Every structure is written in C-alpha cells, then in structure tokens.
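A.B. asks: A single structure is presented below for examination.
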Amino acid sequence: MNCLHIMLIASVVATATCSLAKESQPLTQPDAGLPGLTPSEVIPDWVARWELARCLTILKRYDEAIADYQILLKGKPELHKARLECAQVLVWSDKKSEADTLLEKINASQLTLPEQGALADLYVILKKYALAAPLYRTVLAATPEDHKTRLKLAEMLSWEKKYAESLTEYTTLLKALPEDQQIRRKYALVLIWNGQHEAAIPELRKTLP
Amino acid sequence: MTKQVQQFVLFILAVSIVTSVVYHVLNRDNISLQKAQQYASNGRYSEAVSLYEKLVANGVHSEVVYEGVLICQNALKKPEKARGALQNLIFQNKDAAPTRLRYLAATALGMGEQDIAAQQYRKVLLARPDDRSARLGLARALARSGLYEEAVKEYRLLLGEIK
Numbered sequence: 177m178n179c180l181h182i183m184l185i186a187s188v189v190a191t192a193t194c195s196l197a198k199e200s201q202p203l204t205q206p207d208a209g210l211p212g213l214t215p216s217e218v219i220p221d222w223v224a225r226w227e228l229a230r231c232l233t234i235l236k237r238y239d240e241a242i243a244d245y246q247i248l249l250k251g252k253p254e255l256h257k258a259r260l261e262c263a264q265v266l267v268w269s270d271k272k273s274e275a276d277t278l279l280e281k282i283n284a285s286q287l288t289l290p291e292q293g294a295l296a297d298l299y300v301i302l303k304k305y306a307l308a309a310p311l312y313r314t315v316l317a318a319t320p321e322d323h324k325t326r327l328k329l330a331e332m333l334s335w336e337k338k339y340a341e342s343l344t345e346y347t348t349l350l351k352a353l354p355e356d357q358q359i360r361r362k363y364a365l366v367l368i369w370n371g372q373h374e375a376a377i378p379e380l381r382k383t384l385p
Numbered sequence: 051m052t053k054q055v056q057q058f059v060l061f062i063l064a065v066s067i068v069t070s071v072v073y074h075v076l077n078r079d080n081i082s083l084q085k086a087q088q089y090a091s092n093g094r095y096s097e098a099v100s101l102y103e104k105l106v107a108n109g110v111h112s113e114v115v116y117e118g119v120l121i122c123q124n125a126l127k128k129p130e131k132a133r134g135a136l137q138n139l140i141f142q143n144k145d146a147a148p149t150r151l152r153y154l155a156a157t158a159l160g161m162g163e164q165d166i167a168a169q170q171y172r173k174v175l176l177a178r179p180d181d182r183s184a185r186l187g188l189a190r191a192l193a194r195s196g197l198y199e200e201a202v203k204e205y206r207l208l209l210g211e212i213k
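Below is the structure:
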C-alpha cells in the first residue's frame with residue numbers, strides 16, 4: 177500500500193465519520209442554550225390586589241382603590257409601602273382622619289428614601305410637622321443636593337414659626353441656587369416674619385428687575 | 051520500525067488530519083453556533099452576535115440562533131435589533147406550546163414590548179384560561195400600555211371577582 181492509497185482510504189473514512197457526526201448533532205436544538213421554562217407559578221392574590229389598587233388609583237377610582245388597599249393591608253399589614261399609598265389615596269379623597277389613623281401603624285424605616293419623602297409630605301398635609309421634619313432631614317442627610325426637599329423643610333419650619341432653622345435652610349438653598357428669585361423672596365418673607373426687616377430689603381431688591 | 055508499522059502510523063495520522071479538516075468543513079455552522087454560544091456565555095456579546103448574524107445570513111433560521119441574537123442584542127442595549135429577533139422568534143413559535151409562548155411573552159414584557167407581550171399572553175390564555183401567570187402578565191402588559199380599564203378587568207379575573 178503506498179501513500180496515495182492511504183490518503184484515499186483516510187479521506188473516505190473521515191468523510192463517512194463526519195457525515196454521521198453531522199446527522200447526530202442537529203443544528204436546530206430548540207432547548208439548547210435556552211433558560212429553563214418555569215411552570216405556571218403560584219401568583220399570590222396580594223400581588224394582583226396591590227397592582228389592581230394602583231390601577232384604580234391611576235383611574236381616580238379612589239373608593240374602589242381604597243377598598244382593595246384595605247383588603248391588601250388586612251392580609252399583609254407589614255406592607256408599609258402599600259400603607260403609604262393607601263394613605264395618599266385617602267388624602268386625595270379628602271379622608272384625612274382615616275389617613276391619619278392608617279399612618280399610625282406605619283414604620284418609616286421600612287420605606288426607601290423617596291417613600292420617606294412622600295410620607296413626610298403627607299404628614300405636612302396632615303399638619304403633623306413634628307413627624308415630617310425628621311423624615312425630611314433623613315432624606316437631606318443622604319442627598320444634600322435635593323433642593324426640592326430642602327425647600328419643603330424650610331417652608332414647613334417657617335409655618336411652625338421656627339424662623340432661625342428655616343432661615344438656615346434658605347441660606348443653604350441660596351448658596352446652591354443664587355439666581356432663584358422665588359426662593360429668595362420666600363427667604364425675605366421669613367426674614368420679615370422674624371423681624372429682620374433691614375435684612376429683608378436687599379434680598380427683595382435682588383429679586384426685582 | 052517495520053514498513054507495515056510505518057504505513058499504519060501514517061494511515062492513522064492521515065485519517066486524523068483529514069477527519070479534522072472534513073469535520074470543520076461539513077460542520078462549519080455547528081462550530082460557529084457553539085462559538086457564538088461560548089462568546090455569549092462569556093459576555094462577549096458583540097462577537098457572539100456577529101457569528102449569529104453570519105449564521106442567519108447562511109440560511110440558518112433556527113430558534114437557537116434567534117434566541118442567541120435576542121439575548122445578545124438585549125445585552126448590547128440595541129432594542130430595535132432585539133425587537134427584530136423577538137419577532138422572528140415569535141413567528142417561528144406561532145404554533146408553539148403555551149409554556150413556550152408564555153416565556154416569549156415574558157421576554158417581550160421585560161423588553162418593554164407591551165403590545166407583543168399582550169398578544170402572546172392572550173394566545174396562552176386561549177389555550178389555558180386558568181394560567182394565572184399569563185393572566186397577571188397580560189394585566190401588567192395592559193397597564194404598562196396605559197390600558198388601565200382593561201388591566202383592571204384582568205386583575206379582577208385573576209382574583210376571581212368576575213368570571
């Protein structure tokens with residue numbers, strides 16, 4: 177047997193082997209590389225109920241939304257975010273005393289920072305300033321550049337006649353936003369309420385053309 | 051070494067070389083697919099998607115390939131191309147089992163393709179009206195599309211409050 181014979185036989189054997197190999201490894205393997213398909217999961221009712229309550233809120237069907245939130249919270253009282261959302265809807269429905277009662281059981285530490293800010297806003301609407309202030313301060317400690325929250329705190333402090341604290345917040349705001357005329361006018365107003373009329377005059381002048 | 055042994059060794063060597071060459075020629079597409087899958091699993095999505103697209107250009111229109119394109123284009127944050135791959139997959143699966151359709155629907159929903167998701171979830175529910183996962187998926191797809199009234203109806207069906 178010479179080399180040519182050997183190469184010829186080798187080619188035939190190799191081709192036959194590869195053809196068989198190709199047939200046994202189909203390219204289209206639908207399951208290959210696909211993530212496992214999960215069976216129909218058990219979807220708890222409370223998940224659907226919560227999402228339903230939110231849809232109803234968006235549709236401004238507040239009474240229905242409140243009813244669903246109440247069913248949700250009866251079964252899952254530890255859902256503080258849902259409690260906050262329900263309280264918001266109650267406030268929008270002008271049911272402030274019910275919102276107040278609902279919020280007695282809320283645990284703010286279970287909420288995210290934006291949620292704590294929203295809770296503080298609710299407390300302000302309910303005139304519970306003492307509960308709102310620490311929440312605003314928590315938000316500002318984490319995000320000192322949150323000027324919106326700082327302004328809310330500054331305004332609330334002025335309504336409580338805590339003028340010195342309010343002016344401190346306004347000063348911080350004006351350092352960051354010196355061109356904001358509305359903030360400067362509010363600052364000037366607090367100076368006036370605090371009896372600092374002389375200090376208020378140049379501030380008001382700065383806001384006029 | 052005797053002449054016969056020499057010939058035998060030469061024969062084995064020849065078979066090995068020729069087998070390797072012929073394998074690569076006949077199985078080019080399979081090899082490309084395996085390479086693409088390897089690239090994708092190592093996070094080398096650009097390289098993977100090039101190979102997948104070559105396979106499609108070579109006429110390999112299989113689910114595995116479109117699935118690969120979809121995963122890679124999503125990872126590369128190319129929504130238009132991912133949407134194209136998703137639509138191809140859905141076309142391929144138009145008669146597929148509800149479980150497979152539900153997976154595609156969930157993928158579409160995750161990509162923000164609410165309309166496609168809703169369509170697929172409805173197909174699942176035609177075959178399996180009691181599929182809670184599909185019902186919830188449909189409700190979410192409708193809500194995300196701004197169709198809140200319809201979403202409310204699906205949620206109430208899911209909760210058994212309406213039939």
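In order, the protein sequences belong to chains E and G. Residues in the first sequence are numbered from 177 upward in steps of one, following the working numbering. Residues in the second sequence are numbered from 51 upward in steps of one, following the working numbering. The beta carbon of each residue, even a glycine, is placed where N, CA and C say it ideally should be. In this text the structure is predicted, and so the values were computed from the model without any measurement.
#1: Can you determine whether any heavy atom of the ligand NAP sits closer than 6 Å to the C-beta of Pro310 (chain E), and answer yes or no?
#2: Give me the chain G residues within the contact set of Arg360 (chain E), using Cβ-Cβ distance strictly less than 9 Å, ordered along the chain.
#3: My output table needs one value for Met161 (chain G): the three-state DSSP class, helix, strand or coil.
#4: Please classify Leu8 (chain G) as buried or exposed, where buried requires at least 16 other C-beta atoms within 10 Å of its C-beta.
#5: Please go through the same chain and pick out, in chain order, the residues whose beta-carbon is closer than 7 Å to the beta-carbon of Gly251 (chain E), but skip the five residues on each side of it.
#6: Using a Cβ-Cβ cut-off of 7 Å, state whether Ser183 (chain G) counts as contacting chain E.
#7: Would you kindly report the start and end of the unbroken alpha helix (DSSP H) that includes Ala229 (chain E)?
#8: Using 8 Å as the cut-off, can you tell me whether the stretch 307-321 of chain E makes contact with the stretch 287-294 of chain E, which would need three or more C-beta pairs spanning the two stretches below that distance?
#9: So, is Ile282 (chain E) buried or exposed, given that buried needs 16 or more other C-beta atoms within 10 angstroms?
#10: Given 8 Å as the limit, is there contact between the stretch 143-151 of chain G and the stretch 164-175 of chain G, that is, 3 or more CB pairs closer than that?
#11: May I ask you to report which of helix, strand or coil DSSP gives Gln54 (chain G)?
#12: Secondary structure at Ala147 (chain G), three-state DSSP: helix, strand or coil?
#13: How far does the alpha helix (DSSP H) with Asp270 (chain E) in it reach, from first residue to last?
#14: Under 9 Å between beta-carbons, which chain G residues line up against Glu227 (chain E)? List them in chain order, please.
#15: Hey, how far is the Cα of Ile219 (chain E) from the Cα of Ile234 (chain E)?
#16: Does the pairing of the stretch 111-119 of chain G with the stretch 131-145 of chain G give three or more beta-carbon distances under 8 Å?
#17: Mind reading off the beta-carbon distance from Leu380 (chain E) to Leu343 (chain E)? Whole number of angstroms is fine, and I expect it under 8 Å.
#18: Which chain G residues sit within Cβ distance under 7 Å of Leu232 (chain E)?
#19: Note down, in chain order, each residue of its chain lying with its Cβ closer than 7 Å to the Cβ of Arg182 (chain G), except the 5 sequence neighbours on either side.
#20: So, is the C-beta of Ile219 (chain E) closer than 7 Å to a C-beta in chain G?
#21: Does the Cβ-Cβ distance between Arg360 (chain E) and Lys382 (chain E) come in under 7 Å?
#22: Going along the chain, which unbroken runs of the beta strand (DSSP E) with 3 or more residues stay wholly within the stretch 263-325 of chain E?
#23: Using a Cβ cut-off of 8 Å, pull out every chain E residue sitting near Leu209 (chain G), in sequence order please.
#24: Would you tell me roughly how many angstroms separate the C-alpha atoms of Ala364 (chain E) and Glu336 (chain E), rounded to the nearest one?
#25: Give the list of continuous alpha helix (DSSP H) stretches no shorter than 4 residues that lie fully inside the stretch 65-136 of chain G.
#26: CA-CA distance, Ala241 (chain E) and Lys213 (chain G)?
#27: Looking at Leu192 (chain G): is its Cβ nearer than 7 Å to the Cβ of Ala201 (chain G)?
#28: Any C-beta of chain G sitting closer than 7 Å to the C-beta of Ile255 (chain E)?
#29: From the DSSP output, in three-state form, read off Pro211 (chain E) for me.
#30: Have a look at Tyr102 (chain G) and Thr157 (chain G) and give me their C-alpha separation to the nearest angstrom.
#31: For the alpha helix (DSSP H) that Gln358 (chain E) lies in, which residues bound it at each end?
#32: Is any beta-carbon of chain G found at less than 7 Å from that of Leu235 (chain E)?
#33: Going by other Cβ atoms of all chains shown within 10 Å of its Cβ, with 16 needed for buried, is Val59 (chain G) buried or exposed?
C.D. replies: Judging by the given coordinates:
#1: In the structure shown, the ligand NAP is absent, as is every other ligand, since no ligand is present at all.
#2: Locating residue 360 (chain E) in the first sequence gives position 184, counting from the first residue. Going along chain G, no residue has its Cβ under 9 Å from Arg360 (chain E), so there is no contact; the nearest lies around 40 Å.
#3: Along the second sequence, read from residue 1 onward, the residue named residue 161 (chain G) stands at position 111. The answer is coil: DSSP assigns Met161 (chain G) none of H, G, I, E or B.
#4: Any answer about residue 8 (chain G) is impossible in this case: the structure gives chain G only from 51 up to 213.
#5: Sequence index remark: in the first sequence, residue 251 (chain E) carries index 75 (1-based). So the qualifying residues of the chain are Trp222.
#6: Here residue 183 (chain G) refers to the residue found at position 133 of the second sequence. Cβ-Cβ to chain E under 7 Å: yes for Ser183 (chain G).
#7: The residue you call residue 229 (chain E) lines up with position 53 of the first sequence. Asp221 to Ile234 is the extent of the alpha helix (DSSP H) around Ala229 (chain E).
#8: yes
#9: Along the first sequence, one-based indexing puts residue 282 (chain E) at 106. Ile282 (chain E) comes out buried.
#10: They touch, by the three-pair rule.
#11: Taking the second sequence and counting its residues from 1, one reaches residue 54 (chain G) at position 4. Note: Gln54 (chain G) maps to helix in three-state DSSP.
#12: As a first step, residue 147 (chain G) is located in the second sequence; it is residue number 97 there, counting from the start. Ala147 (chain G): coil per DSSP, three-state reduction.
#13: The sequence position of residue 270 (chain E) within the first sequence is 94, counting from 1. Note, Asp270 (chain E): premise wrong, no alpha helix (DSSP H); not H, not E.
#14: One-based indexing of the first sequence puts residue 227 (chain E) at position 51. By Cβ distance, chain G contributes Leu186, Ala189, Arg190, Ala193, Ala201 and Tyr205.
#15: Taking the first sequence and counting its residues from 1, one reaches residue 219 (chain E) at position 43. Taking the first sequence and counting its residues from 1, one reaches residue 234 (chain E) at position 58. If you take the alpha carbons of Ile219 (chain E) and Ile234 (chain E), they lie about 23 Å apart.
#16: yes
#17: Here the question's residue 380 (chain E) lines up with position 204 in the first sequence. Here the question's residue 343 (chain E) lines up with position 167 in the first sequence. In fact, because the Cβ distance is near 15 Å, the residues do not count as touching under 8 Å.
#18: On the first sequence, residue 232 (chain E) is found 56 positions in, with the first residue counted as 1. Residues of chain G passing the Cβ test: Val202.
#19: Translated into the one-based positions of the second sequence, residue 182 (chain G) becomes position 132. Here the set comprises Leu208.
#20: Position 43 of the first sequence, counted from the first residue, corresponds to residue 219 (chain E). Chain G contact via Cβ: present.
#21: For the purposes of this step, residue 360 (chain E) is taken as residue 184 along the first sequence, with counting starting at 1. For the purposes of this step, residue 382 (chain E) is taken as residue 206 along the first sequence, with counting starting at 1. Against a cut-off of 7 Å, the Cβ pair of Lys382 (chain E) and Arg360 (chain E) comes out as a contact.
#22: The qualifying runs do not exist here; there are none.
#23: Taking the second sequence and counting its residues from 1, one reaches residue 209 (chain G) at position 159. Those are Asp221, Ala224, Arg225 and Leu228, listed as they occur along chain E.
#24: Taking the first residue of the first sequence as 1, we reach residue 364 (chain E) at position 188. Taking the first residue of the first sequence as 1, we reach residue 336 (chain E) at position 160. In a straight line, the C-alpha of Ala364 (chain E) is about 17 Å away from that of Glu336 (chain E).
#25: 78-91, 95-107 and 113-125
#26: For this step, residue 241 (chain E) is matched to residue 65 along the first sequence. For this step, residue 213 (chain G) is matched to residue 163 along the second sequence. Cα-Cα distance, rounded: 20 Å.
#27: Within the second sequence, residue 192 (chain G) is the residue found at index 142, counting from 1. Within the second sequence, residue 201 (chain G) is the residue found at index 151, counting from 1. Yes.
#28: In the first sequence, counting from the first residue as 1, residue 255 (chain E) sits at position 79. Looking at the sequence itself, residue 255 (chain E) is Leu, so the reference to Ile does not match. Closer than 7 Å: no.
#29: Translated into the one-based positions of the first sequence, residue 211 (chain E) becomes position 35. Confidence in Pro211 (chain E) is poor, its pLDDT being 36 and thus under 50, which makes the residue's placement unreliable; the coordinate value appears in the next sentence. Three-state result, Pro211 (chain E): coil.
#30: Taking the first residue of the second sequence as 1, we reach residue 102 (chain G) at position 52. Taking the first residue of the second sequence as 1, we reach residue 157 (chain G) at position 107. So the alpha carbons of these two residues sit roughly 19 Å apart.
#31: Here residue 358 (chain E) is taken as the residue at index 182 of the first sequence, counted from 1. Gln358 (chain E) -> alpha helix (DSSP H) spans Gln357 to Trp369.
#32: Numbered from 1 along the first sequence, position 59 holds the residue referred to as residue 235 (chain E). Leu235 (chain E) counts as touching chain G.
#33: Your numbering for residue 59 (chain G) matches position 9 in the second sequence. Val59 (chain G) should be labelled exposed.
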